[in-house]
Amino acid sequence: FPTRRSSDLFKSFDTWYFHNCPYGWLWKDFETGERKLTGEVIADLTPRHRLIFVGDASMAPYELFSMTGWAGGESDRSPGIDWLRRFKQRCPSSVWLNPDPRKWWDHPTVSAVGQIFPMFELNVDGLRDSVVKLRAAV
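My numbering numbers the first residue of the sequence shown as 31 and each following residue consecutively.
Put into structure tokens, the structure is as follows:
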């Protein structure tokens with residue numbers, strides 16, 4: 031049987047990292063310090079892209095709702111929630127996978143993120159449901 035490389039499944043695939051919320055910078059590699067301005071990453075996206083965020087979305091509320099949570103190098107010192115809204119506006123077909131059980135989602139920041147992105151548990155059922163959601167937008 032011919033085998034399919036994982037790169038054959040996507041036209042492109044990219045990963046970026048952030049702590050709690052994407053502010054001014056996204057990291058490609060923490061060890062080397064390679065990073066890119068979040069605004070540049072967003073500008074490279076189109077509505078045809080599918081975004082999958084992975085994280086518990088639980089953080090101190092100031093990290094999401096105030097500019098004091100900002101940690102980056104851009105002049106745009108927007109709160110984290112504004113950055114998330116920019117991603118969603120640019121890529122409407124986006125989901126959030128949460129590794130915490132749903133019973134722990136009653137938290138102000140988890141609820142706020144869940145209002146922007148459809149949120150699914152990071153388990154087999156959640157992965158299936160999130161892929162269905164992403165594919166429905168095709």
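Each residue gets a CB set at the ideal place from its N, CA and C atoms; glycine is no exception.
Open item on the list: Which same chain residues end up closer than 6 Å to residue 47 when comparing Cβ atoms and leaving out the 5 residues on each side of it in sequence?
Closed with: By one-based count along the sequence shown, residue 47 stands at place 17. Non-local C-beta neighbours of residue 47 in its own chain, meaning closer than 6 Å and more than five positions away in sequence, comprise 57, ordered along the chain.
- [ ] Would you identify the three-state DSSP class for residue 55, choosing helix, strand or coil?
- [x] Taking the first residue of the sequence shown as position 1, residue 55 is located at position 25. In the structure shown, residue 55 sits in a strand (DSSP, three-state: E or B).
- [ ] Measure the alpha-carbon distance for residue 165 versus residue 110 and round it to whole angstroms.
- [x] In the sequence shown, the residue the question calls residue 165 occupies position 135. In the sequence shown, the residue the question calls residue 110 occupies position 80. About 27 Å.
TODO: For residue 60, name the three-state secondary structure that DSSP assigns.
DONE: Residue numbering aside, residue 60 sits at position 30 when the sequence shown is read from its first letter. Here residue 60 sits in coil by DSSP.
Open item on the list: I'd like to check one pair, residue 126 with residue 87: are the Cβ atoms closer than 8 Å?
Closed with: The residue you call residue 87 lines up with position 57 of the sequence shown. The residue you call residue 126 lines up with position 96 of the sequence shown. Cβ distance < 8 Å, so residue 87 and residue 126 count as in contact.
Task: Residue of 63, 60 and 81 minimising C-alpha distance to residue 43 - done: Taking the first residue of the sequence shown as position 1, residue 43 is located at position 13. Ranking 63, 60 and 81 by Cα distance to residue 43 puts 81 first.
Open item on the list: Report the CB separation of residue 91 from residue 45 in whole angstroms; it is logged as a contact under 8 Å.
Closed with: Within the sequence shown, residue 91 is the residue found at index 61, counting from 1. Within the sequence shown, residue 45 is the residue found at index 15, counting from 1. Going by Cβ atoms, the distance from residue 91 to residue 45 rounds to 27 Å, so no, they are not a contact pair.
TODO: Compare the Cα-Cα distances from residue 77 to each of 96, 121 and 147 and report the closest residue.
DONE: Residue mapping note: residue 77 aligns to position 47 of the sequence shown, counting from 1. Of 96, 121 and 147, the residue nearest in Cα terms is 121.
TODO: Determine the DSSP secondary structure at residue 89, reduced to helix, strand or coil.
DONE: As a working mapping, residue 89 is identified with position 59 in the sequence shown. Residue state, collapsed to three classes: coil.
TODO: Quick one: grab the DSSP three-state call for residue 48.
DONE: What you label residue 48 is simply residue 18 of the sequence shown in a count that begins at 1. Residue 48 falls in the coil class under three-state DSSP.
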